[in-house]
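4 protein chains.
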Amino acid sequence: MTQSLDRWRQVPRDPDDDTPRLECGVFGVFDTDGASAITALGLHALQHRGQEACGIASFDGQGFHTERHMGHVGDAFAGGDLMDRLPGQSAIGHTRYSTAGGSFIRNVQPMFADLEAGGLAIAHNGNLTNFLTLRQQLVAEGSIFQSTSDSEVILHLIARSRRARMVDKFIDALSVIEGGYALVALSNKKLIGVRDPLGIRPLVLGDLDGKAVLASETCALDMIGATFVRDIEHGEMVIIDHDGIESLRPFPAARARPCIFEYVYFARPDSVVNGRSVYEVRKRMGRKLAMESHVDVDVIVPVPDSGVPAALGYAQEVGVPFEMGIIRNHYVGRTFIQPTQGARETGVRMKLSPNRSVLAGKRVMLIDDSIVRGTNSVRVARMVREAGAAEVHLRSASPPIMWPDYYGIDMPDRDKLLAANHTVDEIAKILEVDSMGYLSVDGLYWAMESAPRDPEHPQFTDHYFTGDYPTRLLDREIAEGRNETSERQLSFLVDA
Amino acid sequence: MTQSLDRWRQVPRDPDDDTPRLECGVFGVFDTDGASAITALGLHALQHRGQEACGIASFDGQGFHTERHMGHVGDAFAGGDLMDRLPGQSAIGHTRYSTAGGSFIRNVQPMFADLEAGGLAIAHNGNLTNFLTLRQQLVAEGSIFQSTSDSEVILHLIARSRRARMVDKFIDALSVIEGGYALVALSNKKLIGVRDPLGIRPLVLGDLDGKAVLASETCALDMIGATFVRDIEHGEMVIIDHDGIESLRPFPAARARPCIFEYVYFARPDSVVNGRSVYEVRKRMGRKLAMESHVDVDVIVPVPDSGVPAALGYAQEVGVPFEMGIIRNHYVGRTFIQPTQGARETGVRMKLSPNRSVLAGKRVMLIDDSIVRGTNSVRVARMVREAGAAEVHLRSASPPIMWPDYYGIDMPDRDKLLAANHTVDEIAKILEVDSMGYLSVDGLYWAMESAPRDPEHPQFTDHYFTGDYPTRLLDREIAEGRNETSERQLSFLVDA
Amino acid sequence: MTQSLDRWRQVPRDPDDDTPRLECGVFGVFDTDGASAITALGLHALQHRGQEACGIASFDGQGFHTERHMGHVGDAFAGGDLMDRLPGQSAIGHTRYSTAGGSFIRNVQPMFADLEAGGLAIAHNGNLTNFLTLRQQLVAEGSIFQSTSDSEVILHLIARSRRARMVDKFIDALSVIEGGYALVALSNKKLIGVRDPLGIRPLVLGDLDGKAVLASETCALDMIGATFVRDIEHGEMVIIDHDGIESLRPFPAARARPCIFEYVYFARPDSVVNGRSVYEVRKRMGRKLAMESHVDVDVIVPVPDSGVPAALGYAQEVGVPFEMGIIRNHYVGRTFIQPTQGARETGVRMKLSPNRSVLAGKRVMLIDDSIVRGTNSVRVARMVREAGAAEVHLRSASPPIMWPDYYGIDMPDRDKLLAANHTVDEIAKILEVDSMGYLSVDGLYWAMESAPRDPEHPQFTDHYFTGDYPTRLLDREIAEGRNETSERQLSFLVDA
Amino acid sequence: MTQSLDRWRQVPRDPDDDTPRLECGVFGVFDTDGASAITALGLHALQHRGQEACGIASFDGQGFHTERHMGHVGDAFAGGDLMDRLPGQSAIGHTRYSTAGGSFIRNVQPMFADLEAGGLAIAHNGNLTNFLTLRQQLVAEGSIFQSTSDSEVILHLIARSRRARMVDKFIDALSVIEGGYALVALSNKKLIGVRDPLGIRPLVLGDLDGKAVLASETCALDMIGATFVRDIEHGEMVIIDHDGIESLRPFPAARARPCIFEYVYFARPDSVVNGRSVYEVRKRMGRKLAMESHVDVDVIVPVPDSGVPAALGYAQEVGVPFEMGIIRNHYVGRTFIQPTQGARETGVRMKLSPNRSVLAGKRVMLIDDSIVRGTNSVRVARMVREAGAAEVHLRSASPPIMWPDYYGIDMPDRDKLLAANHTVDEIAKILEVDSMGYLSVDGLYWAMESAPRDPEHPQFTDHYFTGDYPTRLLDREIAEGRNETSERQLSFLVDA
């Protein structure tokens, strides 16, 4: 297959789908019976972090076993023969976000390489901001690439390190990569977890009957019945083997700056991220939103499901009834064809439907978690009005999104971001709502129960709202400098 | 394949799955561009009525086209080539409920037969209570059966009718069948809809830009942008052709007695069934439940998603905060294997997870829509308690389920129904909750905004709670009489 | 799927494929361990009689099991789990000829019906000449058809018979069917074999360690290590059960008239059909052909593989070297696309290639078994000349084919048959050969070691060469009378 | 998947399959419309050189396209959309030999790498005798391997070359590889063909309407309508681009020593290899065999199909009738299960069946092309005797095979080679034949129309018969030295 190496290319998406998307969840377990089955359950709990594909690599004391599949964990890794397919007492796993085409199937993880120092499997959440630069150097030195995955860059860096021990080779590789990431890796002796120097992407350590577990979110620990031990810290590398857990600090010291979007949208509401309940943060976003911009209405209606906690907080703050005025359809497939003009606007209806008994004749306050391009919001607002609402007001529980991301979140370019190009009043008109409001950045920090934002050293990665990126963006700078895309083809030593 | 004809056999189910299941949703559209695409959308809205399989039959003026598939509508009937695959201006469709095995694939509908009088496609929701008796007579006369579907019995009855016109043959067939059903059928001239004499199963008539639409629920009309016209009445047969809509009454007059379980569980909350908003009825069930059996708690928590409306009504009645204390996982696949003893009870966790920030230290009132065997309830209650709840109370928004169904609902035998075998106090102990309560039958009728239940002529089909079946159960009586199952093999004139 | 019931329709074929094709081989075994595995081997030996599809039905003392597949026996029924999939001590099987499209998948046999009298599986080789007439009557009486298979007509006739015993019902059905056929059927008590009143299609009885076997050809007996007992006679019905073999004569007495094309083309050379070695008959055809029309040449070259025995007989008769001047390619797939004009005529080269070392500078005598439309012959002759042959002569080891068949052979209409529309001299020009010759009808009877053809009572079914059909052709007469095709759709009670 | 790197491991084979097998055929075409379609046809003609898998890589002026499939060319690359799937005016292709399992799917070729110097696709027939040694060095330097294919070693060597131009990098890589091979490669500017220094594996140059074609055998040129130009010479590298064809000699001068087994078994009879007609050589083998070891018999019977030319030559030499006493079954699938003891020996019967009319009562001389382990020969001889032969004699048209191959032929180890462990008399007893004979090595050279074998500088690679290997066997020496297998796992950067 022909394949261009355009890391910035937007994959085609359903135009009605206006949600940001996160690349990937990771999981790892060491020295435990049923390692692959535990990993499958853990990945199932992390499915929301990636629905395109999933994979597991296990080590059975003799060799590595790996399977990667398009589709959901529950389809790929259920079934009674899993431990026969992926035997062993240690395993790592990965979920990957959904694209419309199958064009990125070669990037499915974990990736496994048989290195001089032994086998190594690696799974990665996030994005290297100097990926293209590193890849170009490696190709010039004779490395042959099979994918556009960050994991493969890291594997080639490790393969070429002159250091002797696997862990030292790994640190060698980490020393040249930049960006936001959480990594889990499995060698024939160790399970390794790494969080980038700023802790942009999350990673937690759990305990399953005395054995170590690594996962992107605490909900994966709940799923397998493990207890939460602690967050892996920013810039920390943990090395788990039969002697216990060792913690290294391979990077220069830096202040933590975790991604605030995990709270706004990505993380599951029942997860605790960096010590904070996501559900409670979202309810506080709703409460603060109500304090900042409430108008008189009859019902508070969430855009389900992600708007529910904020809407509950909002409704509790103002004492107006919370109602499920929009019903989410749990069955979604590929895009249906539009039968006729008369049946227009079916796109949003396939996912959401109006609950007329709640909406008809009412002044409705819609609460959504965030608004990216606004394409979905206008359809929802229109649907609510067509169901008979007297007034339709819309509030976003996050501040205006104005800057794209380069740390593993799939978001459109700046010229597609609604809030980057319009005032709030314009947005109200565009979205056809009677009033519009966003949570303020200060309100968001208040919801986080944080000190006010420190402009010199912001406590969170929040460039989506502020334009203040936490690291340099080397590939981006080079790409803008030469105003070209570095088109290459993928090598096909094997087919995928 | 070997296949026994045991209509009463329970298909294997996930033991944690304690929901009743409905057999099927139906849809039909006549004389409209994009008939199959409209039908696909309509079926998508009826997906909750059957997730095992789906099918569409269309007529293009010359011939019939039919496709039936295992799996969801969005997988089977999305894609730009649908109108090429299923051309024509009229179509009917069907969704079928999910079983663990593929053993009933031959029963997927619509079924199409090329009769002497022309082609006829038929789709059916419900159950014939004299199916076995009719089938036995037909086989004795030389009919060769391909399935155990009620639709096939009806087709053979029509094929053998001595009447001349297709509609008369159809009425001939209806005159001998018994049970609860809603039918849609498509001939080369007409779209036909029939509801059983008591109106047990629902069927509505809609208008799409002046063209007639039939559907199990109004949510399918909303999906395609059609307007609701009226319910098909109990015992009514509507015949739609290019001359308009004709209404026949082929059955002896009877009082309506629609199924009350549509409100309790089956219908979508945004549907209006027999003139009542399902969402509002469910909220009223919750309100009445609170009036009947409230105890002092800190939070009201629904068992998602079906318990949400009742929990909202309950919370609004008592003024205690409604919180999403249990998070539903939207990604469910096949059953995962249980990795270890330590990870016990993962079954319920794969679907539901505790939101500790809401539950820890709180007195929790759980609201579920109904309780069948109680296997799921005990796991949910235990999960909530393990998440730190100080007290766990459980309320069912429907009365105790004590009798099985024979009208198209998949429910266990009486000896498996929790409430048929235990007192409420015993149930509280079995489910490990601090208190237990059910809505009363009177409360349910109150929630329906109906007059109190008339024991002589009950307003609703409610035998699940009362044991008062609306029709005789001929096959059941015969089976009990001879104490045997009538095992036959299916004919395999073609493979499926 | 839409499907028309045009029994006379020519399925699309590779235009280079100029071979007649036979519909089907049948096999049955009774009361033997490994019945399905034996049947699979027997069908493998009968693969040349049908490459489109294959099926097996077995009976295990309790119930019937059936599997039918598109493709070859070796793909469908190999594998160690066959006896688990199709258990039992009795089985019948079927191979079906290859068509380009999958449109006739519903006709794959054996077909199984659960009749009032018990289960019955049936497999059929041949063609009913009053199929359409019977089908129309049955539909009028309320039978619902799933296929256009003769077997299904027979099953419906049996289902509707008023006789009491299965065998009597079977005879009832046989009494109304017309045409040429060999049938095997399996009930829960008996294995039944029937050959039509004239014995047009072949059927033999074998002995496998004392147990009865039925097969279309003796090569299937050789394959399973069974010994040949005798041919089933024309108009004979054999009934095999645990009491032994019973022979019935359900038809009025008639003289045998087996199909002579079995010797010309269909049967395998190692089979003995009606007491004659096919290989020896074909060699005698070649010998007689040489006597009738030899000219001086340097090499005798068969069109492989079917022309080999006749070419050997020819070469031995005239004492000219036999050489493999054309090499057959054993790997054939779907039609390749033609890359360029320069690479024209690749169609024939994909199957046959010239052996230049044999052909260059030589006067070549090509021997083919038969010529239908001549499309292949002209390509072969041209290929041989382009490889350097000084002269190219062609001889057909069968007489000119001038009339189509209605007894199970797929042949083009009369206007497509080369010899029906041209003299031998014209044919030589059309085929671009230096001389052309056909075996005479008398020569063919000589090769059969038969008495000269008796025009009043021909010893063989030979209408392909003579236009003398052995039975009336009811459907054909009706179709010609009303000059229409009886288009119907297939019923789809189940999908295939 | 777990995968060990045991290059010497015997893949499991049907125990009745006693044929040697060749690894691969190659094909390439440059600057021609329909390049992929031409390549598909060429590969179809080379299907006998490899039935496991096949692949094509094309270049369209902008980028490379590649597809690789398990199975036959006719299944993988037929169909009208091939030029859309693999567009461009240049292409190379590969066929690969058949193994029982799918374990080597990662080795399917051509392989494509995106190197610093641009894209390069490569396909390879033969074997590198220092593969393991080179692979070990490359892994130590940081190369990550995806397969055990020689092609991947060559690609990594090219990737790491310090030379500037692609052709020079290629020569760099060739300078370190050892063994017997024919290579075709496609860059974005050139089509390259290379034959090893001794010309062990064949490669020919053809002309298709003025454009260059490379192929393993001339039969591929016949298939596409190209004319034969010349053999690529031993040690020659041809570089084809828009400026024409350049011939390089990158290796030290050596005498040619092509593989004689191409004539004995591998090449198609209609091919001309190194200037000799394979069919004529085989007939001469038969003639010489008759001169060396004839005894009085009634019929000469080939073991089909490969024994046919030698049997014709033999029969012509001695004037005894040639007859098809064994019929080859063209339909072969996976291994059938053996139904019963009575049906023993079905293995050989599935492929070959006795033609009793030829064999019964006759003294039969069987002619086979070669005998490896003898497992098939004994079954054939027994089958012929059971069919009634009075005497069974066997002759091998090649000398006794006594030494394994390391240049791309799949043959058993020495202890499994019948002739390496037994005298001719013992072999006659083992094979249960009345007499046994082999062609002599001198007879084989006579059949080649060559001068007598020069022991100092043998004219052909003939170690199978003589033990005289043409190159050193580095990996083999190392493996024997340390008496271990170098087990590694394959890297899985992408799945296959």
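Protein chains in written order, with full-length UniProt numbering: chain Z, 1 to 496; chain R, 1 to 496; chain S, 1 to 496; chain U, 1 to 496.
Positions of the beta carbon are idealized from the N, C-alpha and C atoms, including for glycine.
No experiment lies behind these values; they were computed from the predicted model shown.
Straight-line gap, residue i to residue j (C-alpha atoms, nearest Å)
i	j	result
S:L120	S:G61	13 Å
R:R257	R:I200	6 Å
S:I239	S:R106	28 Å
Z:F228	Z:G325	36 Å
R:H72	S:L490	26 Å
S:K429	U:L359	41 Å
R:E292	R:L155	49 Å
U:R379	U:I427	14 Å
U:F465	U:L439	11 Å
U:P87	R:S36	36 Å
Z:L493	U:R68	11 Å
R:P202	R:Q459	15 Å
S:S435	S:H234	41 Å
U:Q137	R:A76	52 Å
S:P252	S:P321	51 Å
Beta-carbon contacts of residue i that lie in its chain and below 6 Å, excluding the five residues immediately before and after
i	result
U:D462	I260
R:M237	V194, L248 and P250
S:V213	V29, G206 and A226
S:I38	V29 and I224
S:S161	K169 and D172
Cβ-based neighbour list, residue i, same chain, cut-off 7 Å, excluding 5 preceding and 5 following
i	result
R:K362	D298, V299, A389 and A390
U:N188	F59, G118 and G119
Close beta carbons around residue i, own chain, < 8 Å, minus the five adjacent residues each side
i	result
S:L417	V372, R373, I401, M402, W403, P404 and M411
Q. Touch check for the stretch 464-484 of chain R and the stretch 294-311 of chain R: three-plus C-beta pairs under 8 Å?
A. A contact between stretches requires three or more CB pairs, one per stretch, nearer than 8 Å, and the stretch 464-484 of chain R fails this requirement with the stretch 294-311 of chain R.
- Below 8 Å, can you find three or more Cβ-Cβ pairs linking the stretch 350-358 of chain R to the stretch 279-286 of chain Z? Yes: the two stretches touch, three or more of their Cβ pairs being nearer than 8 Å.
- prompt: Three or more C-beta pairs closer than 8 Å, one from the stretch 403-420 of chain U and one from the stretch 369-386 of chain U: is that the case here?
  reply: Pairwise C-beta distances place the stretch 403-420 of chain U in contact with the stretch 369-386 of chain U, as three or more of them are shorter than 8 Å.
*asked:* Pairs of beta-carbons, one from the stretch 78-92 of chain R and one from the stretch 44-64 of chain R, closer than 8 Å: are there three or more?
replied: These segments touch.
- Run through the stretch 390-431 of chain S for me and flag every whole alpha helix (DSSP H) of 4 or more residues, listed as ranges in chain order. Taken in chain order, the complete alpha helix (DSSP H) segments of 4 residues or longer contained in the stretch 390-431 of chain S are 418-421 and 424-430.
Quiz prompt | Under 7 Å (Cβ pairs) to chain R, residues found in the stretch 58-75 of chain Z | solution = Result list: H72, V73, G74 and D75.
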